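In what follows, a structure is listed as structure tokens, so that the remarks can point back to it.
There are 2 protein chains.
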Amino acid sequence: MAVNLNAPRAESLHAVAGVRIGVAEAGIRKANRKDLTVFLLDEGAAVAGVFTQNRFCAAPVQVCREHLAHGGVRALVINTGNANAGTGEDGLVRARTTCIAAARLLDVAPEQVLPFSTGVIMEPLPVDRIEKGLPAALADAQPAHWLRAAEGIMTTDTLPKAFSRQVQVDGVTVTVTGISKGAGMIRPNMATMLGFVATDAKIAPGLLPALALELAEGSFNRVTVDGDTSTNDSFVVIATNKARHAEIASFDTPAGRAVKDAMQEVARLLAQAIVRDGEGATKFITVRVEGGQTGAECRQVAYAIAHSPLVKTAFFASDPNLGRILAAVGYAGIADLDQTKIDLYLDDVHVARQGGRNPAYREEDGQRVMKQAEITVRVVLGRGDAADQVWTCDFSHEYVTINADYRS
Amino acid sequence: MAVNLNAPRAESLHAVAGVRIGVAEAGIRKANRKDLTVFLLDEGAAVAGVFTQNRFCAAPVQVCREHLAHGGVRALVINTGNANAGTGEDGLVRARTTCIAAARLLDVAPEQVLPFSTGVIMEPLPVDRIEKGLPAALADAQPAHWLRAAEGIMTTDTLPKAFSRQVQVDGVTVTVTGISKGAGMIRPNMATMLGFVATDAKIAPGLLPALALELAEGSFNRVTVDGDTSTNDSFVVIATNKARHAEIASFDTPAGRAVKDAMQEVARLLAQAIVRDGEGATKFITVRVEGGQTGAECRQVAYAIAHSPLVKTAFFASDPNLGRILAAVGYAGIADLDQTKIDLYLDDVHVARQGGRNPAYREEDGQRVMKQAEITVRVVLGRGDAADQVWTCDFSHEYVTINADYRS
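In order, the protein sequences belong to chains C and E. The opening residue of the first sequence carries number 639 in the numbering used here; numbering runs sequentially from there. The opening residue of the second sequence carries number 639 in the numbering used here; numbering runs sequentially from there.
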């Protein structure tokens, strides 16, 4: 049961000129399942990516980094059912074999193909099935297939995740459309499981890597479901440069800001969608920390709250057991934190003042907010002017059920 | 259902000369419950403690630190049902009032009393009930009451936790007896919720603070249930100096080692008992990390594994989903970790070799180990000679049920 998230309608997702998408059933882990997705990019597209900081990063992540450095990307091949992680040297060979197979069919170099895998860890990728499935995926390729792609990359997700925005630049309509997947093993560190955002905007190619990083910082790097940073997190930004406006040479212009804002909004919605559809989630929680000395320490406190099993189960129970939040603030690792300066709010309700219970706080007010499906926890540290926030969900029986299923 | 843990028998717990214990029902949160425990120490006892590193430390922890610095401790007053944490200035006053009340009855100074509280956070401590309950607790004081004390400090624990050992020093019998409590909000950082170890050994007073730290490092600082460091963690070591052997001036002597080993064993058993009785625990798991450059990085990896909700739910399911362990190793924060050097074992089963699946590994072997109630996960990092270990439990439906209960 995703929290305030609906399946997107196909017609709400604008095609991005220069991007075609095909999906096939390759039988990678289970039969009759769309498990192979291909993005085909016209020549001239710029691509940048940010990837997991997990040192056990998957083989496809290692190959993606190499191939992105090479440039000229023309295709993305994404499989579900198998993460090709914890697979050693053999896994790297299989990821490269995937690229070679796609490159041969498309008549490009293997370095122009980026591989992505998601699914179970430490099992060999059935690369023969991917090779067999590729022709059908390529034959399926259409600009309008964004919803099919969002469905094709799902694993434990209950809903496909896709968002689209259009902005005007020099009187030209520019489109931004993206998809994401992920519901568990979610605590992106650079990017999430899989996120793809494409635009037809014409952007100076040198700007894209920094933009990808900045978009991730405002989206995937601010969500967590269970604190488990995946081996396969990948977030890819594509600019096809097809729109006929003047090239954006800086994001500090009205046109640059319009495009970047649209991209940031799509990235944020995609990242939040992962939390809304987090394994077992019944609530969507914004943890905002203000009054810190640095953004980093605000994030540190926000993640301590967002990862606390005690806080997350209290949200599941709609129990304003707010001492658990204060305890998490206390152990977040700020050595010189002064508890007598800390205030805590649940939405508009002022719960704790100067480190103690606010005398005006009434339990029924906390209870009212805790029953909502969307809640903002706001902590004021009283140490400075920095602020940051993360988005997370609660921790329910359903999470245990999903993850205690044999090999979910 | 605690894992391989039974209630201690009263007769297995040796009294410690110089320590008397009394318990009473003060009705602090619920009626008809032993919720007030008093330790009375003869003059001449040395006392040291280590306390939570949580910056939101509870009022009694702050008062304990002050009073320990003053020295000459004669009594410990422990209540359950209310943690007196997140209570600001008012909470400090209530903790001091508890000490004043006990000091008056015992004709000592308030600084000679240490207060301990455990229970719900952010509610005012009903200090009037403690004052009313104290005379009954004092009247109950007996050297043989260790089991009563272990029962008196229980909260969500399903079993009392107490261990006792005796060693010979210069032909004199020296006793070490201790109790602990705690089942949730357990990731001690210096010490756990409440742990008390007393000995009648004669130990040079200057040695006690460092000993308390060392004992905590080998016990309470190596266990975790849910990663939530409590506001009230307190571990206290008492030496009554009643045994008639030559004073121990160093632990680097046969007598010193014998006493320290007995104390370390009792502390370790008490800490492990907390994990065995962890909220919802069905398995007791030792996470051992070897081949690190430093003990600290071994602990970092061990805690990443021990805190991963995905790893913990896989243990609950007896599912050898070992990629989840590798993923946790990868995100533990060692920046220059080389995944191709990592080996993973489940008890005697060699699961992963050089970062990939061990070709000789068979799923049924992993399955066999995962079904056991006690499991050792061993990770070899291949970076150096350091090693360390932590003890933890799995993550079950029962954990969610316990913590989603209104105000557990």
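Think of the CB as a built atom: it goes at the ideal place given N, C-alpha and C, for glycine as much as any other residue. If you're wondering where the values come from, they're calculated on a predicted model, not measured in any experiment.
The segment 982-999 of chain E touching the segment 903-921 of chain E, judged by at least three CB pairs closer than 8 Å: no
TODO: Taking residue 887 of chain C as the reference, give the member of C:674, C:843 and C:699 with the closest Cα.
DONE: Mapped onto the first sequence, residue 887 of chain C falls at position 249. If we check each option's Cα against that of residue 887 of chain C, C:843 comes out closest.
Using the Cα positions of residue 939 of chain C and residue 923 of chain E, report the straight-line distance between them to the nearest angstrom.
-> The count along the first sequence starts at 1 and reaches residue 939 of chain C at position 301. The count along the second sequence starts at 1 and reaches residue 923 of chain E at position 285. Taking the straight line joining both Cα atoms gives about 28 Å.
- Name the chain E residues that come within less than 8 Å of residue 1041 of chain C, Cβ to Cβ? Counting from one through the first sequence, the residue named residue 1041 of chain C turns up at place 403. Within 8 Å Cβ-Cβ: 947, 948, 951, 952 and 955.
Per DSSP, what are the beta-bridge partners of residue 1013 of chain C in this structure?
Here residue 1013 of chain C refers to the residue found at position 375 when the first sequence is read from its first residue. Here residue 1013 of chain C is bridged, per DSSP, to C:923.
* In the DSSP assignment, what are the bridge partners of residue 758 of chain E? -> For the purposes of this step, residue 758 of chain E is taken as residue 120 along the second sequence, with counting starting at 1. Answer is E:720.
For residue 998 of chain E, is the classification buried or exposed, using 16 other Cβ atoms within 10 angstroms of its Cβ as the cut-off for buried? Along the second sequence, read from residue 1 onward, the residue named residue 998 of chain E stands at position 360. Exposed.
### Message
When you compare the CB of residue 760 of chain E with every CB in chain C, is at least one pair closer than 8 Å?
### Response
Here the question's residue 760 of chain E lines up with position 122 in the second sequence. It does: the Cβ of residue 760 of chain E has a partner Cβ on chain C nearer than 8 Å.
key: Closest by C-alpha distance to residue 799 of chain E, when choosing among E:954, E:990, E:647 and E:987   = Counted from its first residue, the second sequence places residue 799 of chain E at position 161. Checking every option, the nearest Cα to that of residue 799 of chain E belongs to E:647.
- request: Would you mind giving the Cβ-Cβ distance between residue 850 of chain E and residue 641 of chain E, rounded to the nearest angstrom? I have them listed as a contact below 8 Å.
  value: Reading the second sequence from its first residue, position 212 is the one you call residue 850 of chain E. Reading the second sequence from its first residue, position 3 is the one you call residue 641 of chain E. No, residue 850 of chain E and residue 641 of chain E are not in contact; Cβ-Cβ is about 27 Å, not under 8 Å.
Cutoff 6 Å; reference residue 1015 of chain E; Cβ partners in own chain excluding five residues on either side: Along the second sequence, read from residue 1 onward, the residue named residue 1015 of chain E stands at position 377. Excluding sequence neighbours, residue 1015 of chain E sits near 925.
| field | Near-chain C residues of the segment 927-941 of chain E - C-beta to any C-beta below 8 Å | value | none
Compute the distance between the beta-carbons of residue 897 of chain E and residue 811 of chain E, then report whether it is under 8 Å. Locating residue 897 of chain E in the second sequence gives position 259, where the first residue counts as 1. Locating residue 811 of chain E in the second sequence gives position 173, where the first residue counts as 1. No. Outside cutoff.
Practice prompt. Starting from residue 819 of chain E, follow its DSSP beta bridges and name the residues at the other end.
Written response: Counting from 1 along the second sequence, the entry for residue 819 of chain E is found at position 181. Residue 819 of chain E is bridged to E:832.
Determine the chain C residues that contact residue 964 of chain E at a beta-carbon separation under 9 Å, and present them in chain order. Reading the second sequence from its first residue, position 326 is the one you call residue 964 of chain E. Simply 694, 723, 724, 759, 760 and 869.
Given a limit of 8 Å on CB to CB distance, which residues of the segment 1007-1036 of chain C reach chain E?
1033, 1034 and 1035
| query | Between residue 728 of chain C and chain E, is there a C-beta pair that is closer than 8 Å? | reply | Here residue 728 of chain C is taken as the residue at index 90 of the first sequence, counted from 1. Chain E contact via Cβ: present.
_So the candidates are C:881, C:674 and C:819; which of them puts its Cα closest to the Cα of residue 905 of chain C?_
Within the first sequence, the letter at position 267 stands for residue 905 of chain C. It is C:819 whose Cα lies nearest to the Cα of residue 905 of chain C.
Give me the Cβ distance between residue 699 of chain E and residue 870 of chain E, rounded to the nearest whole Å; I'm assuming they're in contact under 8 Å. Here residue 699 of chain E is taken as the residue at index 61 of the second sequence, counted from 1. Here residue 870 of chain E is taken as the residue at index 232 of the second sequence, counted from 1. Indeed they touch by this definition, with Cβ atoms about 6 Å apart.
Note to self: For a contact defined as C-beta to C-beta under 9 Å, what are the partners of residue 978 of chain E on chain C?
What the structure shows: Numbered from its first residue, the second sequence carries residue 978 of chain E at position 340. Under the 9 Å cutoff, chain C gives 726 and 727.
Inset, instruction - Could you check what DSSP says for residue 654 of chain E in three-state terms: helix, strand or coil? - result: What you label residue 654 of chain E is simply residue 16 of the second sequence in a count that begins at 1. Here residue 654 of chain E sits in coil by DSSP.
Worksheet item: residue 581 of chain C lies in the alpha helix (DSSP H); which residues open and close that run?
Response: The structure shown has nothing for residue 581 of chain C, since chain C only spans 639 to 1046.
In terms of alpha-carbon separation, which member of E:760, E:1017 and E:882 lies closest to residue 975 of chain E? Taking the first residue of the second sequence as position 1, residue 975 of chain E is located at position 337. Looking at the Cα atoms, E:1017 is the closest of the given residues.
Taking Cβ positions, are residue 807 of chain C and residue 883 of chain C nearer each other than 8 Å?
Looking up residue 807 of chain C in the first sequence gives position 169. Looking up residue 883 of chain C in the first sequence gives position 245. Contact: yes.
- Message: Here's a check: name, in chain order, each residue in its chain whose Cβ is nearer than 6 Å to the Cβ of residue 729 of chain C, leaving out the five neighbours to either side.
- Response: On the first sequence, residue 729 of chain C is found 91 positions in, with the first residue counted as 1. Excluding positions up to five away in sequence, the list reads 697 and 722.
(message) Does the distance between the C-beta of residue 947 of chain E and the nearest non-hydrogen atom of the ligand MN fall short of 7 Å?
(response) The ligand MN is not part of the structure shown, which contains no ligands of any sort.
In chain C, which residues lie less than 9 Å from residue 739 of chain E when you measure between Cβ atoms? Here residue 739 of chain E is taken as the residue at index 101 of the second sequence, counted from 1. Simply none; closest approach about 22 Å.
Distance cutoff 8 Å, beta carbons only. Does residue 968 of chain E sit that close to anything in chain C? For the purposes of this step, residue 968 of chain E is taken as the residue at position 330 of the second sequence. Yes - at least one Cβ of chain C is within 8 Å of the one on residue 968 of chain E.
- Message: For a cutoff of 8 Å on Cβ pairs, would you count residue 828 of chain E as touching chain C?
- Response: The residue given as residue 828 of chain E occupies position 190 in the second sequence. Residue placement at residue 828 of chain E is flagged as unreliable, the pLDDT there being 40, under the threshold of 50; the coordinate-derived value follows with that caveat. By this cut-off, residue 828 of chain E is not an interface position.
- Tell me, please, whether the segment 1029-1046 of chain E touches the segment 1021-1039 of chain C by the rule of three or more beta-carbon pairs shorter than 8 Å. yes
* CA nearest to the CA of residue 767 of chain E, picked from E:1001, E:712, E:663 and E:919 -> By 1-based counting over the second sequence, the position of residue 767 of chain E is 129. Among E:1001, E:712, E:663 and E:919, the Cα nearest to that of residue 767 of chain E is on E:663.
For the beta strand (DSSP E) that residue 991 of chain E lies in, which residues bound it at each end? Within the second sequence, the letter at position 353 stands for residue 991 of chain E. 987-991 is the extent of the beta strand (DSSP E) around residue 991 of chain E.
Q.
So residue 853 of chain E and residue 780 of chain E are supposed to be a Cβ contact under 8 Å. How far apart are they, rounded?
A. Stepping through the second sequence from its first residue, residue 853 of chain E is reached at position 215. Stepping through the second sequence from its first residue, residue 780 of chain E is reached at position 142. 26 Å between Cβ atoms; not a contact.
Bounding residues of the beta strand (DSSP E) (the contiguous stretch that carries residue 876 of chain E):
Along the second sequence, read from residue 1 onward, the residue named residue 876 of chain E stands at position 238. Taken as a continuous stretch (DSSP letters only), the beta strand (DSSP E) holding residue 876 of chain E covers 872-877.
_Under 8 Å: do the segment 772-790 of chain E and the segment 664-680 of chain E share three or more Cβ pairs, one atom per stretch?_
yes
In whole angstroms, what separates the C-alpha of residue 738 of chain C from that of residue 748 of chain C? In the first sequence, counting from the first residue as 1, residue 738 of chain C sits at position 100. In the first sequence, counting from the first residue as 1, residue 748 of chain C sits at position 110. Using only the alpha carbons, I get a separation of about 5 Å.
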